[in-house]
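Numbering (full-length UniProt numbering), first residue to last: 1 to 500. All C-beta atoms in this analysis are idealised placements derived from N, C-alpha and C, irrespective of residue type, glycine included.
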Amino acid sequence: MAAADLTLLVAAAVALVAIAAARLGTRAGLPALLLFLLVGVALGNAGFGIRFDDASLAHDLGFVALVLILAEGGLTTSWKQMRPVLGVGLSLAVVGSLVTIAVVGLFGYFVLGLPRAVAFLLGAVVAPTDAAAVFSVLRGVSLPPRVRAALETESGFNDAPTVLLVIAGTELAMGSSPAGGMPGLAGEVVGELAIGVAAGLVMGWIGVQFLRRLSLSNSGLYPLAVMCWILVTYGLVGFIHGSGFAAVYVCAVALGNGQLPHRHATKSFAEGIGWVAQIGLFVMLGLLVHPSTISRPDIGAGVALGVVLTLVARPLAVYVSTVWFGTGWRHQAFMSWAGLRGAVPIILATVPMAAGMPGSDVLFDVVVVFVVVFTSLQAPTLPWMARRLGLVDPRAATDVDIEVAPFDERRADLLTVNIPEGSRLAGVRVLELRLPRNAIVALVMRGDESFSPDGDTALETGDQILVVTPADQRAEVEARLLAVGRHGRLAGWTRRSRRA
């Protein structure tokens, strides 16, 4: 067998094993990423003997994977849900991260006996959270939109500042002093973040205008164009010395909420790319872990770090970050417990290893122990915690899924609307949708049959309906369908009667 064929066979087999492990993890209430890591460990020195010791390559590939994961997160984030909690999310991402770094740094310095720079480097490495880990566990649990959106916003924005701080902290730990001292370092971090956010907004706006007007012969090219645009954004912003991670997330949010053609296909493509990145990333990081070299002191330090971070640093960070926004204690308690760490801390732990920092292998082992142990303990209890705090609403309606495809050379759009379980569109007659005048429900697909509805046709759960609308009325049609899906056939009438 040729080497290329063998490589492809092994890679595909590993991916299938990881996917099967993800299914088992869902049943056990564990994030899939943890099982991907264990698959990598089993393939490495502790199991099948595959050797991988290149920390520099792991660092580079990890950053590429992080770009793809952030792109997927931004494309699937709802700006409508993010906007009311943007202040809370940004406060958690910036203020919360600084509080976490300070608490963990003090613990590392006074309790673990680490040098000051290394202690605060450890704090920066473990500061970022991973909302993907949370929502892989909470899939199907109806959390309040504000809590979900705040956690998504935090995880989307806290990667960028912590990456910059870890790089700077590694230089400090190795004896290099930043130009201008600590004020100069702070100014550099703030400047790179500002450039990244501004460039992400600009590139997102340009991308929306460009992709809306782009008429492609194959719908499968739209998702590829969106992802390539995001990668171009990352490269350009890095070239002008801005934060590429901040730019990627902001640009992806703009594109994901920009009313682009084939949005559903784009999001599905991004989710697939995100899963590929996560599987590859964690299997690779698992290969980098050598269980035989993890000593008892490393395990003890990892567990102690987790206790301090989970019971002291995270609750304090959440309180300090959200108290000014009037966030209720139940929301604060859940966000404190939902601060799972996943991909990013382990990726960041490869930064000092790639730089050749003395003792960086021990820091990496401590971070891996912390992530594995506390993700295993916290993740299965998240649904229980949400129910105990009264945050689960079993009556919450599920939003309908709307896909848009433009008609070439026509100022009209075709909307494909899927009616999921829990949507209040079920039972509503077509006439009761009260769509704009020139929009029509052209077809209903139900099971194995398709038919043209009349005004008295009642919609059912599982239906897929096709709506044709002028392009300039598309936003109004989507808003109307979402409103009826959430509030039922009387959506809008109550407010009208009050105004009357």
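Those residues which DSSP pairs with residue i across a bridge
| i | result |
| --- | --- |
| P470 | A412 |
| Q278 | Q278 pairs with nothing; no bridge assigned. |
| L68 | None; L68 has no bridge partner. |
| L443 | L466 |
| A458 | R429 |
Per-residue DSSP class, three states only, for residue i
| i | result |
| --- | --- |
| A55 | helix |
| Q259 | coil |
| L389 | coil |
| R341 | coil |
| R496 | With a pLDDT of 42 at R496, under the threshold of 50, the predicted position of this residue should be treated as unreliable, and no value is reported. |
| F451 | strand |
| A426 | coil |
| S268 | helix |
| P358 | coil |
| L285 | helix |
| L112 | coil |
| A491 | coil |
| S176 | coil |
| R83 | helix |
| D5 | helix |
| L482 | helix |
| P436 | coil |
| R146 | helix |
| P352 | helix |
| A127 | coil |
| R23 | helix |
| P31 | coil |
| I299 | helix |
| I273 | helix |
| I50 | coil |
| S292 | helix |
| I230 | helix |
| T327 | coil |
| A13 | helix |
| I347 | helix |
| I240 | coil |
| L165 | helix |
| G44 | coil |
Cut-off 7 Å between Cβ atoms - residues of its own chain near residue i, not counting five sequence neighbours on either side
| i | result |
| --- | --- |
| I273 | L68, E72 and M227 |
| L86 | T153 |
| T494 | Caution applies to T494, whose pLDDT of 46 falls short of 50 and renders its modelled position unreliable; the value that the coordinates give is listed next. Within the same chain, T494 has no close Cβ partners at all. |
| V368 | V289 and I346 |
| V147 | H331, F334, M335 and L391 |
| R116 | Y109 |
| L164 | V189, E192 and S243 |
| V366 | D298, A301, G302 and L305 |
Neighbourhood of residue i by C-beta distance below 6 Å, restricted to the same chain and skipping five residues each side
| i | result |
| --- | --- |
| W229 | G207 |
| T153 | M82 and G89 |
| G244 | Y234, V237 and G238 |
| L121 | G169 and A173 |
| A149 | Q81, M82 and V85 |
| F370 | G302, L305 and G306 |
| A18 | F36, V39 and I279 |
| Q464 | N418 and M445 |
| P223 | A265, T266 and F269 |
Beta-carbon separation (whole angstroms), residue i vs residue j, contact threshold 8 Å
| i | j | result |
| --- | --- | --- |
| L382 | W337 | 7 Å |
| F282 | L37 | 5 Å |
| P31 | A386 | With 8 Å as the limit, P31 and A386 do not qualify as a contact, their Cβ atoms being about 16 Å apart. |
| W79 | N257 | 4 Å |
| V99 | A313 | 7 Å |
| Q278 | L33 | 6 Å |
| V430 | G462 | Rounded, the Cβ-Cβ distance is 16 Å, inconsistent with contact. |
Cutoff 8 Å; reference residue i; Cβ partners in own chain excluding five residues on either side
| i | result |
| --- | --- |
| S497 | Reliability of the predicted coordinates at S497 is poor, the pLDDT of 37 falling under 50, and the value obtained from them is presented with this limitation in mind. Closer than 8 Å at the Cβ level, and outside the excluded window around S497, lies no residue. |
| F157 | G89, L90, A93, V94, A246 and Y249 |
| R499 | Here the model assigns R499 a pLDDT of 39, short of 50, so the residue's position is not dependable, and the following value carries that caveat. Nothing meets the Cβ criterion. |
| D53 | L288 |
Next on the checklist: Whether or not the stretch 88–95 and the stretch 259–274 are in contact is what I'm after, with contact meaning three or more pairs of Cβ atoms, one per stretch, closer than 8 Å; do they touch?
Outcome noted: no
Checklist entry - Counting pairs of Cβ atoms below 8 Å between the stretch 240–250 and the stretch 300–315, do you hit three or more? => result No: the two stretches stay apart, fewer than three of their Cβ pairs being nearer than 8 Å.
Item to check | Cβ contact check for the stretch 231–248 and the stretch 277–293: 3 or more pairs under 8 Å | outcome: no
Checklist entry - Should the stretch 467–486 be regarded as contacting the stretch 444–457, the criterion being three or more beta carbon pairs within less than 8 Å? => result no
Checklist entry - Touch check for the stretch 479–487 and the stretch 409–428: three-plus C-beta pairs under 8 Å? => result yes
Checklist entry - Would you call the stretch 92–110 and the stretch 309–321 touching, i.e. three or more CB-CB distances under 8 Å? => result yes
Next on the checklist: Does the stretch 336–354 come into contact with the stretch 54–63, if we say contact requires no fewer than three beta-carbon pairs (one atom in each stretch) closer than 8 Å?
Outcome noted: Output reads yes: the stretch 54–63 touches the stretch 336–354.
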